[in-house]
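A.B. asks: Going down the list, the protein sequences come from chains A and B. 927 is the number that the working numbering gives to position 113 of the first sequence; each next residue is one higher, with no gaps. 1082 is the number that the working numbering gives to position 268 of the second sequence; each next residue is one higher, with no gaps. Take this structure first; my questions come after.
2 protein chains.
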Amino acid sequence: MDDPLLLAERWAGEGQGVALATVIETWGSSPRPVGSHLVIHADGRFQGSVSGGCVEGEVVSEAADVIATGSPRVLAFGVADETAWRVGLSCGGRIRVFVEKVAWQWDLATLAELNALRRQRRAAILVTDIATGSTRLVREDEVAGDPLEGELAARLRSGRSGLVFEPGKDEVFLAVHLPPPRLVVIGAVHIAQSLLPMARLAGFDVTIVDPRTAFATPERFPGCDVIAEWPQDVLPRLALDRFTAVAVLTHDGRIDDLPLRAALDADCFYVGALGSRKTHEKRGQRLLDAGASVAQVVRIRAPIGLPIAAQSPAEIAVAILAEVVDSLRKRGTQP
Amino acid sequence: MDDPLLLAERWAGEGQGVALATVIETWGSSPRPVGSHLVIHADGRFQGSVSGGCVEGEVVSEAADVIATGSPRVLAFGVADETAWRVGLSCGGRIRVFVEKVAWQWDLATLAELNALRRQRRAAILVTDIATGSTRLVREDEVAGDPLEGELAARLRSGRSGLVFEPGKDEVFLAVHLPPPRLVVIGAVHIAQSLLPMARLAGFDVTIVDPRTAFATPERFPGCDVIAEWPQDVLPRLALDRFTAVAVLTHDGRIDDLPLRAALDADCFYVGALGSRKTHEKRGQRLLDAGASVAQVVRIRAPIGLPIAAQSPAEIAVAILAEVVDSLRKRGTQP
């Protein structure tokens, strides 16, 4: 078990003293992003990383004090850049790390709930008061009406953790937990052969589905989850959700229509369909006839991809991926 | 020598009978795009491809007749899809192939000039009358005033070859020759580690330049042309031109400014610079102070990348690549 938050829950659940260290601020170049965790057991074991090795030793040592006293603290470090400028200029970065005792100021149930939400691929933000160490967990559906509503909503789109001042209160750290975004492509066509590797580079978990066994092969899609079956047979397994993008690329309603409808029903953050306007008109009519709502049909991105005048299949893949990222990062702000 | 047009020039220059076959139209799925060439020597040797192997034999056989008679002809083929639908539906495509005798209706000098332009990375379109086989070569700077001006200009952006009707004349085939687009990235930073492999997938030749030897390593940029030197020392070697995109990503004027100015002077189709608006204001002032024109400075894409709310370095890479493709395919139509 490598996940620091799962490990923190387990160790604390066993009644052990556990500290959690979190990168709450960075300047310049820093090896690990804001929100990165290191979990430390009272016996000195630790897991995770706040700096890629530069300052972990000191954090672990401070964590022993935090476990003993229960008082959270903020540590500041200058991080020498290991990959220093070899031609005369040294550059580096600084980080601030918050160290708290797990399940001390706050309940272990909060950590367990956060981990449960993560397992369920649901978004949430853990709000921690840096001065006191007290925390509260805000699920995505609880953001409306929160004192930090605007800030929380923006961070649920960007996925960025960070420090803010809660109105009339102390500085709080917002640890933003978004499910890893996924991209499911229906149609193992030429465009998909570019789209999937690009999407993997962009941080998406990718799955390709096509019942045509000659198209959906591991050779054509190295490193991808390749499913050479009819969409209707694998839809439950795909577990489409709000952090999944679905792009249908076969032009063939017998393959595309069902997963398209399923993506709309699952409120996937992106639903795109390849095809001319004429093809898409017919498709829209079929979906309406099959019971889809007008609101659903107009959500489909078609013609697919940002209008960058893409020519080759690989350029169309770029247009689609840019549209997927745009939809992910502007969730809830678009009509 | 694998290039069919270079081989055609060489063989014809040696006084041999040579035929050139060109895919002029496709329907459905076809293995090779419109504009693909197969060159056939009178002795039966051939190079290139019009169908990935399906119909080459028949084309070579017809080519012997064309070489003997000098009369061009159009061949039509149904192409069975090798990657056929394994679940019941057969799908396939059709292609039309134009076969002509090289340097017969037209001068060998035309072919030599086309090949010279290709070597110089200059765009041109070879216009061939399908009925007569007569050709004329239109360079990019000769498009204005041409009877096909609008069509030629659009195809010099899209890069797509194809058939059109010349006003009051026969059907003509436009063989569009664009130099392979290149992307030069200054700054071997995190964004570049995603941008370069994505750009390669999208069909760009990629080069990365950074004087910081720890950043610019083959390990960080597998398969890329990695140059760990100061831009000023390698600019002549980079041979920036109108089919090159330049993105500067270091934030450091000592590294970025010179190649930025060189990219503007070379009229690169895309010039982008990473940095906040404030950073870019200072950069713009430095460039003006150094003698750049206002028209040049406003051409710089900054903030870099399409506005897709990209968060991670890899997402910023997607935003940049989409902007590069957009600029390539809308060359000359933007302010």
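All C-beta atoms in this analysis are idealised placements derived from N, C-alpha and C, irrespective of residue type, glycine included. Being a predicted model, the structure only gives us computed values, none of them experimental.
Name the chain B residues whose beta carbon is nearer than 7 Å to that of residue 1125/A?
C.D. replies: Simply 972, 973, 974 and 1143.
A.B. asks: Can you check which of these residues, 872/B, 879/B and 1139/B, is closest to residue 890/B by C-alpha distance?
C.D. replies: Nearest C-alpha to residue 890/B: 872/B.
A.B. asks: Under 6 Å Cβ to Cβ from residue 1077/A, same chain only, skipping five residues before and after it: list those, please.
C.D. replies: So the list reads 1054, 1060 and 1085, once near-sequence residues are dropped.
A.B. asks: On a CA-only basis, which of 892/A, 976/A and 1005/A is nearest residue 1125/A? Give me that one, please.
C.D. replies: The residue with the shortest Cα to Cα distance from residue 1125/A is 1005/A.
A.B. asks: Thinking C-beta only, is residue 1045/B closer than 8 Å to residue 1069/B?
C.D. replies: yes
A.B. asks: Curious, which full-length alpha helix (DSSP H) runs of at least 4 residues does the stretch 915-999 of chain B contain?
C.D. replies: 922-933 and 963-972
A.B. asks: Rounded to whole angstroms, what is the Cα-Cα separation between residue 841/B and residue 909/B?
C.D. replies: 6 Å
A.B. asks: Would you verify that the beta carbon of residue 989/A is, or is not, closer than 8 Å to some beta carbon of chain B?
C.D. replies: No, its Cβ sits nowhere closer than 8 Å to a Cβ of chain B.
A.B. asks: Tell me which residues share the same chain as residue 850/B and place their Cβ nearer than 8 Å to its Cβ, disregarding the 5 neighbours each side in the sequence.
C.D. replies: 836, 837, 862, 863 and 864
A.B. asks: Evaluate contact between the stretch 1000-1015 of chain B and the stretch 1128-1142 of chain B, counting only Cβ atoms and requiring at least three cross-stretch pairs below 8 Å.
C.D. replies: yes
A.B. asks: If contacts are defined as beta-carbon pairs under 8 Å, then residue 1171/A and residue 990/A qualify, I think. What distance do you get, rounded to the angstrom?
C.D. replies: Residue numbering for chain A in the displayed model covers 815 to 1149; residue 1171/A lies beyond these limits and cannot be assessed.
A.B. asks: Between the Cα of residue 870/B and the Cα atoms of 852/B, 988/B, 950/B and 965/B, which residue gives the shortest distance?
C.D. replies: 852/B
A.B. asks: Would you tell me roughly how many angstroms separate the C-alpha atoms of residue 1039/A and residue 868/B, rounded to the nearest one?
C.D. replies: Looking at the two C-alpha atoms, the distance is approximately 31 Å.
A.B. asks: Is residue 1024/B buried or exposed, if buried means 16 or more other CB atoms sit within 10 Å of its CB?
C.D. replies: buried
A.B. asks: Buried or exposed for residue 1151/A, please, with buried defined as at least 16 other CB atoms from any protein chain shown within 10 angstroms of its CB.
C.D. replies: Because residue 1151/A is not part of the residues shown, which for chain A are 815 to 1149, the question remains open.
A.B. asks: Compare the C-beta of residue 1118/B with all C-beta atoms of chain A and state if any pair is closer than 8 Å.
C.D. replies: no
A.B. asks: In three-state DSSP terms, what is residue 817/A?
C.D. replies: coil
A.B. asks: What would DSSP say about residue 1023/B, mapped onto helix, strand or coil?
C.D. replies: strand
A.B. asks: What would DSSP say about residue 1044/A, mapped onto helix, strand or coil?
C.D. replies: coil
A.B. asks: Taking beta-carbon pairs under 7 Å, can you tell me which members of the stretch 1009-1025 of chain B lie near chain A?
C.D. replies: 1011, 1012, 1015, 1016, 1017 and 1025
A.B. asks: If we ignore side chains and look at the alpha-carbon of each, how far apart do residue 917/A and residue 1034/B end up?
C.D. replies: 41 Å
A.B. asks: Decide if residue 883/B is buried, meaning its Cβ has at least 16 other Cβ atoms within 10 Å, or exposed.
C.D. replies: exposed
A.B. asks: With residue 839/A as the anchor, note down where its beta strand (DSSP E) starts and where it stops.
C.D. replies: 832-842
A.B. asks: Identify each residue in the stretch 817-829 of chain B for which the Cβ-Cβ distance to at least one residue of chain A is less than 8 Å, and report them in chain order.
C.D. replies: Contacts with chain A (Cβ-Cβ distance below 8 Å) from the stretch 817-829 of chain B involve no residue at all.
A.B. asks: What residue range does the beta strand (DSSP E) around residue 1136/A cover?
C.D. replies: Note, residue 1136/A: premise wrong, no beta strand (DSSP E); alpha helix (DSSP H) at 1127-1143.
A.B. asks: CA-CA distance, residue 962/A and residue 937/A?
C.D. replies: 16 Å
A.B. asks: According to DSSP, which residues form a beta bridge with residue 1039/A?
C.D. replies: 1021/A
A.B. asks: Does residue 1047/B have its Cβ less than 8 Å from a Cβ in chain A?
C.D. replies: no
A.B. asks: With the cut-off set at 8 Å, would you say residue 966/B and residue 1057/B are in Cβ contact?
C.D. replies: no
A.B. asks: With DSSP collapsed to three states, give me the class of residue 1068/A.
C.D. replies: helix
A.B. asks: Can you list, in chain order, the residues of its chain with a C-beta nearer than 6 Å to that of residue 823/B? Leave out the 5 residues immediately preceding and following it.
C.D. replies: Contacts found: 925, 926 and 929.
A.B. asks: Below 8 Å between beta carbons: does that hold for residue 1062/B and residue 1074/B?
C.D. replies: It is a contact, given that the beta carbons lie within the stated cut-off.
A.B. asks: Over the uninterrupted beta strand (DSSP E) stretch that includes residue 852/A, give me the two end residues.
C.D. replies: 851-855
A.B. asks: Look up residue 1059/A in the DSSP assignment and say whether it is helix, strand or coil.
C.D. replies: Under the three-state reduction of DSSP, residue 1059/A is assigned to strand.
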